[in-house]
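Colleague:
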Amino acid sequence: MRYAKPKSIDEALALLAEGSWTLLAGGTDFYPAQGNRPVRDDVLDLNGLQQLRHISQTDRHYIFGARATWTDIIRADLPPAFDALKLAAREVGSIQIQNSGTIAGNLCNASPAADGVPPLLTLSAEVVLRSAGGERVVGLADFILGNRQTARAPGELLTAVRVPREAAAGSSHFVKLGARRYLVISIAMAAARVVVDEAGKLSDVVLSVGACSAVATRLQTLEERLRQAGAPGDVARVVEAHDFAELKPIDDVRGSAEYRRQAAREIVLRALVGALAASGKTEDVAA
Amino acid sequence: MSMDRLSVSFTVNDEARQVEVPPLARLSSVLREELHLTGTKVGCDAGDCGACTVLVDGAPVCACLVPAAGMEGASVRTVEGLANGRLSALQDSFLRHGAAQCGICTPGLLVTATALLEANPRPSEAEVQDALGGVLCRCTGYRKIVKAVMDVGTAGAPPPVALAGVGAAIPRLDGEPKVRGDDLFGADERPDDALSVAVVRSPYWHARFTFGDLDAFVKAHPGIIGVFTAADIPGRNRFGVIPPFADQPALADGTALFRGEAVAAIAGERDAIAALDLSAFPIAWEELPHALTVAEARNGFAALHEDRKGNVLLEGTVERGDADAALASTAVIAAGSLETSYVEHAYIEPEAGYAFMDGDVLVIKACTQSPIMDRDDTAAILGLPAEKVRIIPTATGGGFGSKLDLSVQPLIGLVALKTGRPAALTYTRQESMASTTKRHPAVMSATIGADAEGRVVGMVFEGDFNTGAYASWGPTVATRVPVHASGPYYTPSYRALGRAIHTNGPISGAFRGFGVPQAALMQETLYDELALQLGIDRLEFRLRNALRDGQPTVCGHVMDSGIGIAACLEALELHWARAMKDADAFNAGNEHRQRGVGVASCWYGCGNTGIANPSTIKMGIAADGRVVMHQGAVDIGQGSNTVIPQIAAEALGLPLDAFDFIYGDTALTPDAGKTSGSRQTYISGRAAELSGKALRERVLRYANVSDAAELSLKDGMLTVREGEASRTIALGDLPTDADGFVFAACESYDPPTVPLDAKGQGKPYAVYGWGAQMAELEVDMRLGTVKLIKITAAHDVGRAINPLLAEGQVEGGIAQGIGLALMEEYVPGRTENLHDYLIPTIGDVPPIETILVEVPDAEGPYGAKGLGEHVLIPTAPAILNAIRDASGAKITKVPATPDRVLAAIKVARG
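Chains A and B, in that order, give the protein sequences. Here the first sequence stands for residues 1 to 287, where the numbers follow my numbering. Here the second sequence stands for residues 1001 to 1910, where the numbers follow my numbering.
1. By Cβ distance, which residues of its chain are closer than 7 Å to E1125(B), with the 5 residues on each side in sequence left out?
2. Roughly how many angstroms lie between the CA atoms of D41(A) and H1036(B), to the nearest whole one?
3. Is it the case that the Cβ atoms of R1625(B) and D1715(B) are separated by a distance below 8 Å?
4. Note down, in chain order, each residue of its chain lying with its Cβ closer than 7 Å to the Cβ of E240(A), except the 5 sequence neighbours on either side.
5. Residues in the segment 251-277 of chain A with C-beta within 7 Å of chain B's C-beta atoms, listed in sequence order?
6. Note down, in chain order, all residues in the segment 1826-1859 of chain B with a beta-carbon under 9 Å from any beta-carbon belonging to chain A.
7. Less than 8 Å separating the beta-carbons of D251(A) and K176(A)?
8. Classify F1541(B) as helix, strand or coil using the three-state DSSP reduction.
9. Using CA coordinates, which residue listed in A1051(B), Q1430(B) and V1012(B) is at the minimum distance from G35(A)?
10. Quick one: using the 10 Å Cβ neighbour count with 16 as the cut-off for buried, is T58(A) buried or exposed?
11. Would you please verify whether the beta carbon of A179(A) is less than 8 Å from any beta carbon of chain B?
12. Can you grab the Cα-Cα spacing for the pair K5(A) / A1231(B), in whole Å?
13. According to a CB-to-CB cut-off of less than 8 Å, which residues of the segment 1059-1070 of chain B neighbour chain A?
14. Buried or exposed, going by whether 16 or more other CB atoms sit within 10 Å of the CB of Q1816(B)?
15. Buried or exposed for M1001(B), please, with buried defined as at least 16 other CB atoms from any protein chain shown within 10 angstroms of its CB.
16. Using CA atoms only, rank isn't needed, just tell me which of G1103(B), Y1702(B), A1326(B) and G1589(B) is closest to Y1494(B).
17. Run the CB neighbour count on Q262(A), radius 10 Å, all protein chains shown included, and call it buried at 16 or more, exposed below.
18. What are the residues of the segment 97-122 of chain A that lie near chain B, defined by any Cβ-Cβ distance shorter than 7 Å?
19. Specify, as a first and last residue, the run of the beta strand (DSSP E) that K1365(B) falls within.
20. Count the other C-beta atoms from every protein chain shown that fall within 10 angstroms of the C-beta of G101(A), then say buried if there are 16 or more, exposed otherwise.
21. Along chain B, in chain order, which residues have C-beta atoms closer than 7 Å to that of T28(A)?
22. Quick one: grab the DSSP three-state call for V1754(B).
23. Please state whether the Cβ-Cβ distance between A1164(B) and I1225(B) is less than 8 Å.
24. Three-state secondary structure (DSSP) at W70(A)?
25. For W21(A), which option in G155(A), I95(A), A89(A) and S171(A) has the closest C-alpha, if you only look at C-alpha atoms?
26. Short of 7 Å in beta carbon distance, which residues of its chain neighbour P1752(B), apart from the five on each side in sequence? Order them along the chain.
27. Would you tell me roughly how many angstroms separate the C-alpha atoms of A1379(B) and D1671(B), rounded to the nearest one?
28. Would the segment 1233-1248 of chain B count as touching the segment 1452-1466 of chain B if we require 3 or more Cβ pairs under 8 Å?
29. What are the residues of the segment 1406-1434 of chain B that lie near chain A, defined by any Cβ-Cβ distance shorter than 8 Å?
30. Where do the ends of the alpha helix (DSSP H) carrying N99(A) lie?
31. Taking Cβ positions only, does V43(A) come closer than 8 Å to chain B?
32. Chain B beta carbons: is any one of them nearer than 8 Å to that of Y182(A)?
33. Taking contact to mean at least 3 C-beta pairs separated by less than 8 Å, is the segment 1318-1332 of chain B in contact with the segment 1078-1085 of chain B?
34. Output the distance between the C-alpha atoms of G1535(B) and H1870(B), rounded to the nearest integer angstrom.
35. Against chain B, does G35(A) count as a neighbour if the rule is that its beta carbon must be under 8 Å from one of theirs?
36. Please give me, in chain order, every unbroken run of the beta strand (DSSP E) with length at least 3 that falls completely inside the segment 1345-1408 of chain B.
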């Protein structure tokens, strides 16, 4: 096996171009996957790339460097649209895991229960993939293809996750459903971001659900119905009427498919209500 | 750069260190193996348990997930860096509050809490929980940890140890090394020249196997010394905790009966074993049909063990009166069935130890609950006489029943014996979970009848317990369950049947309560059903039926005194009334969340069931004026290293600070039996009382004074004072025995029991403990999630030898009961880790109010009764009863996960 710890992105990209590597960032998925087997793969250690650990802004985007940890995200000064992401960050494993685990690792690991994905979907996040040949930007929904599958080519490095400024509007909330309080893999989770206009009408709604299909899913039909309804007081009724056909939950040790489908409806509603409450522009909406 | 070693410089506890290690070596290994800082514990190697937490540049991280290459220039703080000449305020607080029991998770908690306190010196309870949520503890139930962190620097000094006899709430005597992080557990010590051992295990539930060319395999792997199989075992390749049922091979011989069964041990140099890829091991498997459930195994499936027809290992029966007739003619009947899951012990310390030859004696230092049983079984396997095997228990990081059975011992023993070199083995978390015992999954049904006045008239119970591939403690479960399935209630007619059934599933063995917690779920939920039918308050219904002095148990055992169940239930009455009122008030204003209250009881016989179960304690006064106690009862966190000395000190009449201890070492201490069956406080404690009194008697006789005399020790002088008269004995001038004692005593105690007859009648135990718990909780009616609000626990301990440690047992047992009730489900082959298998975290255990009831027992030392297992029996049924009270949901399978609760709510609503 080979081990390399490049100091620059170009060096990393050159190495990626010449062979197949297992990438190591926060180590929180790398080591558990390794178990107690000896390391056999060639490992590219990204922890020398200081330039990837940042949270910054441009005129058009909020940008999370690939190595930004969940603790970095919790501590970052970000608008309320990111509250759901921060809530999710607090639910990633434990403080120990949040101090090590990175945003890019969470996305590249592509677990159906990745806590970071639903809130990032509600923020229309995109990933920046660089290779020796250039750079491309892919929407998060097009990046995670399935359980443990992503669109990252072997020669590519996910260098940043970025959120368009127009998607960073409004308020947000995140609800995680698990069988214990801490250190728990979600049975289901939901993120909601809402924009409420000055008249108190819902001008935008974005929803997503995790752990209820191979990849966390946006609920675009429901979003559209909620936008059409417009009145925050109508959300419970509209959610109740939705069939959640977008979800393809499975039975596993954490819960049955049938339960996940029922629970998803409830936590989507709670995420919505939480996001509306956080907007400060609506009367209390009972969930 | 290649995978070769890398030089890394960093500071550890402010000291500059440099290591040459592979770049991807885990920081936890670097600390433990390169720097010998073994205070950082490894529980899972996956970030799931937090035991290895260290601070890197001030931030808590799991050292098992940090590559060595990333440490260049970093500053690391470990548990060894917390004390500065003396314990830090936090360490001191942990010790005083009893926040450390076995001590294996303690370093991780202390390090994590240190980071919290440095940022926030006065954290709230919620802040403590948020900060410590990533560290699992299996012993304490977390409440004392929360308190210890919140109370740092505020609480007063503990009672001085010198004065601490029976009844003193002193901190554990063996606690300082646990909070300093220098207590040595199974994996913390290994000779430099030790070989490592890797175990090849069956990937199938049932399979035949043949080995390929093992010599070629050894030759092809430099550093591998040998492969050992069943063919290499010099003795009887069969072991088991109950000798007549011994059926488990140390290494399977041609056929593996469960996934995870050991088939070969590979010994080699440490680096060679670490680099070994077991997928290249030459073995051919032929998978055979398997049965994983009782239904499959009983339904015509070929017997796993020839002589056990229908795969029935043992059937236990207790029968009294004509239960069918009683049920046929009574006013109300409640009938039902209930299923439980495999439950994993999930101690944070995986099995570990090392073996070496000391002359012709094989010495094994490993974590264990039962050194003498380890010695005898290991000797039989290795073809050695028992005296040629010496077991020295290391600190044991939790056991709860599973470390009663052999694990690493025969494997490291075999390698040490065959190679002449020390041999070390630490199970991985996966290996530990796959290969060691579990709580029996049960399929139970029962019918209970009561008359119109609410008096129980009869009960019929039947339970099948999936005992897995080998016997282990299956016979004990089959025996104990029918004895206890009535609960602590007067049940005039009764028929109960408990069966242990073999399957190809994980071996089910001993786990805190031996099947009784499962049976209590069945009985206590039916009691609620009866009370509801009768319209009688559920606590009142239990009080009406509580067993009283003079009433026979279902085994026909009549006790004239000491039955404490009514006192426990009465102790809950005010709490019950308050809780019901609180729940009603809350429910009136809420629809989606509903509160409920539930109660359940326990009784549990201490020690073996109707067979001998002696303990022996030796102690003496040495020539230097120290009292030395040979204390063979293994403390796996429960506190026997403190409680038994307290009893001895009280009996002898000398202060505890005059005592030194020689703990369980089969070469040095007499047999104090296994740490099991809630027997150590009662049985070894009684032996300690007898020994202490005998020693005192010897001194008094020598000084020719009466028992009113007072003893004191100072500078090698023993002073005996009676009234005005005083005599001082210069111990150094007197002859000593082989143990170096001037005065010595060695006494045994064996509970007076009467074996059970064919109908289960007799006197199975000499002492029982009693208890009742009340759960208050809130059910989310739309998600099926359960939030615990409070547990109130009243336990009759006879006499609380050490109330602080007794409370710790209660809280820890309740946490395990919460797990059984709400989240713990070991799915064979699928949950062999601590993220798919869930145990309660610090956020899952609500406030616990412990009420220690003291109804003295005539047999127990100073009236004391056992407690260790009792405490988890009522928790799960109280929770199920509270869930039903809140939501109407009748749970028929535990754990009551959100999906099961929500489904049951729907059923209840029709």
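A virtual CB, placed ideally from N, CA and C, is assigned to each residue, including glycine.
Modeller: Based on what the coordinates show:
1. Along the second sequence, one-based indexing puts residue 1125(B) at 125. Counting only Cβ-Cβ distances below 7 Å, and skipping sequence neighbours, we find V1146 and M1150.
2. By 1-based counting over the first sequence, the position of residue 41(A) is 41. By 1-based counting over the second sequence, the position of residue 1036(B) is 36. Using only the alpha carbons, I get a separation of about 29 Å.
3. Position 625 of the second sequence, counting from 1, holds the residue named residue 1625(B). Position 715 of the second sequence, counting from 1, holds the residue named residue 1715(B). What sits at residue 1625(B) in the sequence shown is Gly, not Arg. Closer than 8 Å, so yes.
4. If you number the first sequence from 1, residue 240(A) lands on position 240. Setting aside the 5 residues that flank it on each side, E240(A) has no residue in the same chain whose C-beta is closer than 7 Å to its C-beta.
5. With the criterion set as a beta carbon lying under 7 Å from some beta carbon of chain B, the members of the segment 251-277 of chain A are V253, G255, S256, Y259, Q262, A263 and E266, in sequence order.
6. Residues V1827, R1830, T1831, N1833, L1834, H1835, D1836, Y1837, L1838, I1839, P1840, T1841, I1842, G1843 and D1844.
7. Residue 251(A) sits at position 251 when you count from the first residue of the first sequence. Residue 176(A) sits at position 176 when you count from the first residue of the first sequence. K176(A) is positioned such that its CB atom lies no closer than 8 Å to that of D251(A).
8. Stepping through the second sequence from its first residue, residue 1541(B) is reached at position 541. In the three-state reduction of the DSSP assignment, F1541(B) falls in the helix class.
9. Translated into the one-based positions of the first sequence, residue 35(A) becomes position 35. For the residues A1051(B), Q1430(B) and V1012(B), the minimum Cα distance to G35(A) belongs to Q1430(B).
10. Translated into the one-based positions of the first sequence, residue 58(A) becomes position 58. Counting Cβ neighbours within 10 Å, T58(A) comes out exposed, since fewer than 16 surround it.
11. Taking the first residue of the first sequence as position 1, residue 179(A) is located at position 179. Chain B contact via Cβ: present.
12. The residue labelled residue 5(A) in the question sits at position 5 within the first sequence. The residue labelled residue 1231(B) in the question sits at position 231 within the second sequence. When only Cα atoms are considered, K5(A) and A1231(B) end up about 47 Å apart.
13. Against chain A - using a Cβ distance shorter than 8 Å - the residues of the segment 1059-1070 of chain B are A1059, P1060, V1061, C1062, C1064, L1065, V1066, P1067, A1069 and G1070.
14. Mapped onto the second sequence, residue 1816(B) falls at position 816. So Q1816(B) counts as buried.
15. Stepping through the second sequence from its first residue, residue 1001(B) is reached at position 1. Because the pLDDT of M1001(B) is 43, which lies under 50, any placement of that residue in the model is unreliable, and the number read from its coordinates should be weighed accordingly. Per the 10 Å Cβ criterion, exposed.
16. The residue labelled residue 1494(B) in the question sits at position 494 within the second sequence. If we check each option's Cα against that of Y1494(B), A1326(B) comes out closest.
17. Indexing the first sequence from 1 puts residue 262(A) at position 262. Under this definition Q262(A) is a buried residue.
18. For the segment 97-122 of chain A, which is checked against every Cβ of chain B, the residues closer than 7 Å are I97, N99 and S100.
19. Along the second sequence, read from residue 1 onward, the residue named residue 1365(B) stands at position 365. First-last of the beta strand (DSSP E) with K1365(B): V1361 to A1366.
20. Locating residue 101(A) in the first sequence gives position 101, where the first residue counts as 1. By the neighbour-count rule (16 or more Cβ atoms within 10 Å), G101(A) is buried.
21. Taking the first residue of the first sequence as 1, we reach residue 28(A) at position 28. Residues of chain B whose Cβ lies closer than 7 Å to the Cβ of T28(A) are, in chain order, G1047 and L1065.
22. Within the second sequence, the letter at position 754 stands for residue 1754(B). In the three-state reduction of the DSSP assignment, V1754(B) falls in the strand class.
23. Counting from 1 along the second sequence, the entry for residue 1164(B) is found at position 164. Counting from 1 along the second sequence, the entry for residue 1225(B) is found at position 225. Contact: no.
24. On the first sequence, residue 70(A) is found 70 positions in, with the first residue counted as 1. Of the three classes helix, strand and coil, the one that applies to W70(A) here is helix, per DSSP.
25. Taking the first residue of the first sequence as 1, we reach residue 21(A) at position 21. The shortest Cα separation from W21(A) among G155(A), I95(A), A89(A) and S171(A) belongs to G155(A).
26. Your numbering for residue 1752(B) matches position 752 in the second sequence. Cβ within range, chain order: A1766.
27. For this step, residue 1379(B) is matched to residue 379 along the second sequence. For this step, residue 1671(B) is matched to residue 671 along the second sequence. Those two C-alpha atoms are separated by around 16 Å.
28. With the cut-off at 8 Å, the segment 1233-1248 of chain B and the segment 1452-1466 of chain B do not touch.
29. Under the 8 Å Cβ criterion, the segment 1406-1434 of chain B contributes T1428 and Q1430.
30. Along the first sequence, one-based indexing puts residue 99(A) at 99. Per DSSP, N99(A) belongs to the alpha helix (DSSP H) from I95 to S100.
31. Here residue 43(A) refers to the residue found at position 43 of the first sequence. Interface residue (Cβ-Cβ distance to chain B less than 8 Å): V43(A) is classified as such.
32. In the first sequence, counting from the first residue as 1, residue 182(A) sits at position 182. It does: the Cβ of Y182(A) has a partner Cβ on chain B nearer than 8 Å.
33. Contact between the segment 1318-1332 of chain B and the segment 1078-1085 of chain B is absent, because fewer than three Cβ pairs lie under 8 Å.
34. Within the second sequence, the letter at position 535 stands for residue 1535(B). Within the second sequence, the letter at position 870 stands for residue 1870(B). Rounded to the nearest angstrom, the two C-alpha atoms are 29 Å apart.
35. Here residue 35(A) is taken as the residue at index 35 of the first sequence, counted from 1. Closer than 8 Å: yes.
36. The qualifying runs are 1352-1358, 1361-1366 and 1389-1393.
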